[in-house]
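> Okay, handing you the structure first.
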Amino acid sequence: MVPDTPTETAKRMSPRRLKLILILTILGASALALLAWTQVWVHAEVGLPDAGTQVLQIDGAIAAPALTALALCGFALAGALTIAGRLIRIVLGALEVLLGVSVFLAAFLAVDDPSRASAAAVTAATGIAGHESIQLSVLGTVVTPWPYVAMAAAVLMAATGVMVILTSARWPGPTRKYQAVRFESVASADGSVPAAPFVGDSPPAPTAASDSVGDWDDLSRGEDPTAR
């Protein structure tokens, strides 16, 4: 029996569950990349100027300093997906793919050239600067599994971004709790619509029926206002 593809599995999920799983996956992959960034990536044996040697532990903050910013962007993107509309979800999905590619590239460069990834720590420990000088001073390197964990998180981030793009049309829309207030005309008891407020150079003259102040003045003078 041929197993279902991720897209076929997603089609059988409810929209709300699909949205939740993808957002949680982005959060998990970003957290995994951030965890890898805090760990030791390279053990570098460095020759010291006094003919001694020293083993330096190079963590992700030195080997791939951009990784923390990329992981934090993943957290922010997951939060934006919770309230985004369909078009914005597609844009955010594409950004998540770019984040995954960037994380993978940062980790891959550290694995591909451990001496270059260790350059800042080597300079701080020995005072040696310059790529060629550092290459000569680094006697050996051992790469730990953590940069590969970061690359795995990057692949997961990119794959989730693709799934967001492919399934964004099925996601439930944003809440309608906060809608703009609409004003409509309200008909009176006899079915007529009240006139709009007066806008002009001078207000209309008041009618006798509404001139209650004048009626009181007539009563004060001993006159009957109903006789007018």
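End of the sequence shown = 228 in the UniProt record's numbering, gap-free, step of one. Just so it is clear, CB atoms sit at the ideal spot from N, CA and C, and this is done for glycine as well.
(1) Please work out which residues of its chain come closer than 8 Å, Cβ to Cβ, to leucine 27, disregarding the five sequence neighbours upstream and downstream, and give them in chain order.
(2) What are the boundary residues of the alpha helix (DSSP H) that alanine 159 is part of?
(3) Going by DSSP, which residues form a beta bridge with glutamate 45?
(4) Between the C-alpha atoms of phenylalanine 104 and glycine 52, what's the straight-line distance to the nearest angstrom?
(5) Around the Cβ of isoleucine 134, are there at least 16 other Cβ atoms within 10 angstroms (buried) or fewer (exposed)?
(6) Alpha carbons only, please: which of Gly47, Leu67, Arg116 and Ser118 is nearest the one belonging to alanine 33?
(7) Quick check on histidine 131: buried or exposed, where buried means 16 or more other Cβ atoms within 10 Å of its Cβ?
(8) Alpha carbon to alpha carbon, how far is alanine 36 from residue 230? Give it in angstroms, no decimals.
(9) Should lysine 19 and tryptophan 171 be called a contact, given that it needs their Cβ atoms to be closer than 8 Å?
(10) With C-beta atoms as the reference, is serine 118 less than 8 Å away from valine 42?
(11) Could you give the uninterrupted runs of the beta strand (DSSP E) lying entirely in the segment 55–90, keeping only those of 3 residues or more?
(12) Straight-line CA distance for isoleucine 90 to serine 168?
(13) For methionine 151, which residues from the same chain have a beta carbon less than 6 Å from its beta carbon, with the 5 sequence-adjacent residues on both sides left out?
(14) So is threonine 126 buried or exposed if we call it buried at 16+ other beta carbons inside 10 Å?
(15) In terms of residues, what are the limits of the alpha helix (DSSP H) holding glycine 28?
(16) Determine the burial state of proline 49: buried for a count of at least 16 other Cβ atoms within 10 Å of its Cβ, exposed for fewer.
(17) Here's a check: name, in chain order, each residue in its chain whose Cβ is nearer than 6 Å to the Cβ of alanine 154, leaving out the five neighbours to either side.
(18) What's the gap between the Cα of isoleucine 165 and the Cα of alanine 31?
(19) Going by CA-CA distance only, name the one from Ala29, Ser14 and Arg16 that's closest to leucine 72.
(20) Residues in its own chain within less than 6 Å of threonine 123 by CB, not counting five upstream and five downstream?
The answer reads as follows:
(1) Closer than 8 Å at the Cβ level, and outside the excluded window around leucine 27, lie Gly74, Phe75 and Ala78.
(2) Segment 146–167, the alpha helix (DSSP H) holding alanine 159.
(3) Paired residue(s): Val55 and Gly140.
(4) Taking the straight line joining both Cα atoms gives about 35 Å.
(5) Under this definition isoleucine 134 is a buried residue.
(6) Of the residues Gly47, Leu67, Arg116 and Ser118, the one whose Cα lies closest to the Cα of alanine 33 is Leu67.
(7) When all chains shown are included, histidine 131 counts as exposed.
(8) No answer is possible for residue 230: it lies beyond the span of the chain, which begins at 1 and ends at 228.
(9) Contact: yes.
(10) Yes, the Cβ-Cβ distance between serine 118 and valine 42 is below 8 Å.
(11) Unbroken beta strand (DSSP E) runs of no fewer than 3 residues, entirely contained in the segment 55–90, are not found.
(12) If I take the Cα positions, the gap works out to 7 Å.
(13) If you ignore the 5 residues before and after methionine 151, its C-beta comes within less than 6 Å of the C-beta of Phe104 and Ala107, all in its own chain and listed in chain order.
(14) The Cβ neighbour count for threonine 126, taken over all protein chains shown within 10 Å, is at least 16; the residue is labelled buried.
(15) In the DSSP assignment, glycine 28 falls within the alpha helix (DSSP H) that extends over 15–37.
(16) Around the beta carbon of proline 49, fewer than 16 other beta carbons lie within 10 angstroms, which makes this residue exposed.
(17) Counting only Cβ-Cβ distances below 6 Å, and skipping sequence neighbours, we find Gly100, Val103 and Phe104.
(18) Those two C-alpha atoms are separated by around 22 Å.
(19) With distances taken between CA atoms, leucine 72 lies nearest to Ala29 out of Ala29, Ser14 and Arg16.
(20) Around threonine 123: Ala129.
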